[in-house]
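Down below is the structure, laid out as C-alpha cells.
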C-alpha cells in the first residue's frame, strides 16, 4: 500500500531501522516537498519488499552504467512519471537515497542522483568510484550531500 510522504510533519515511519532514521526521513520529506512545489505531485513510497520491479530497474541502471551494487538494505521505493520524466527512488537503511531521472523524449537529460543523509559516511561503493559530493542545506534534512552521473544507455 503506497504511503504519502508528509513534508509538513516529518515522520520516520518505514525507516525506523536506519541509524540515521530522522535525517533520512527529512531527506525523503525534502523530495516530497520538491515534487509538490514543482509538479503538484504527491510523493508516495512503498516498502522495498513490495517493489521488486523498481529495485531491479534501479539496480540494473547502476550495474550497467557504473558497475555499482549497494550492500545496504533498501527500505522504501517510489516510482512515477511527471510530465515527460520517469522517476525511480530507493531509500536505503544506511541513509542513502538514489533517484533515477529518465526523460522520455530527451536522452541528454537522464541521470542517476545520490543523496547522503546527514550523519552517514560515503558508502564504499561510491568512494571507490571517486564521486565528488556537493553540499546543500535543507530545513527538513539538515545538510544533504549529493552527486550524480549522466545515463548513457537506454532503459
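Numbering (our numbering), first residue to last: 199 to 353.
We treat Cβ as the ideally placed atom computed from N, Cα and C, and that holds for glycine.
For residue i, count the other beta carbons within 10 Å of its own beta carbon; 16 or more makes it buried, fewer makes it exposed. Which is it?
i, result
"residue 211", "exposed"
"residue 305", "exposed"
"residue 348", "exposed"
"residue 341", "exposed"
"residue 267", "exposed"
"residue 269", "exposed"
Measure the C-alpha to C-alpha separation of residue i and residue j and round it to an integer number of angstroms.
i, j, result
"residue 241", "residue 329", "27 Å"
"residue 203", "residue 351", "31 Å"
"residue 225", "residue 338", "7 Å"
"residue 205", "residue 216", "19 Å"
"residue 302", "residue 322", "32 Å"
"residue 309", "residue 345", "10 Å"
"residue 262", "residue 252", "15 Å"
"residue 230", "residue 199", "17 Å"
"residue 324", "residue 275", "20 Å"
Excluding five sequence neighbours on each side, which residues of the same chain lie with their C-beta closer than 6 Å to the C-beta of residue i?
i, result
"residue 317", "218 and 221"
"residue 343", "314, 331 and 333"
"residue 260", "266"
"residue 295", "225, 289 and 313"
Just tell me which of the options has its CA closest to the CA of residue i.
i, options, result
"residue 243", "273, 208 and 348", "273"
"residue 277", "267, 254 and 322", "254"
"residue 293", "200, 249, 214 and 326", "214"
"residue 297", "199, 257 and 223", "257"
"residue 291", "271, 252 and 322", "271"
"residue 249", "228, 233, 286 and 279", "286"
"residue 336", "353, 319, 325 and 228", "228"
"residue 353", "299, 345 and 312", "299"
"residue 239", "199, 312, 284 and 319", "284"
"residue 281", "233, 199, 208 and 207", "233"
"residue 279", "247, 319, 246 and 237", "237"
"residue 247", "307, 288, 312 and 311", "288"
Could you name the residues of the same chain whose beta carbon sits closer than 7 Å to that of residue i, not counting the 5 residues immediately before and after it, in chain order?
i, result
"residue 235", "none"
"residue 264", "327 and 347"
"residue 209", "223"
"residue 307", "301"
So, for residue i: in the same chain, excluding its five sequence neighbours on each side, which residues have a beta-carbon less than 8 Å away from its beta-carbon?
i, result
"residue 201", "211, 212, 242, 243 and 244"
If you measure from the beta carbon of residue i to each beta carbon in chain B, is any gap under 8 Å?
i, result
"residue 272", "In the structure shown, chain B cannot be found, because there is only a single protein chain."
Within 7 Å: the Cβ of residue i and any heavy atom of the ligand MN?
i, result
"residue 324", "Ligands in the displayed structure: none, and consequently the ligand MN is not present."
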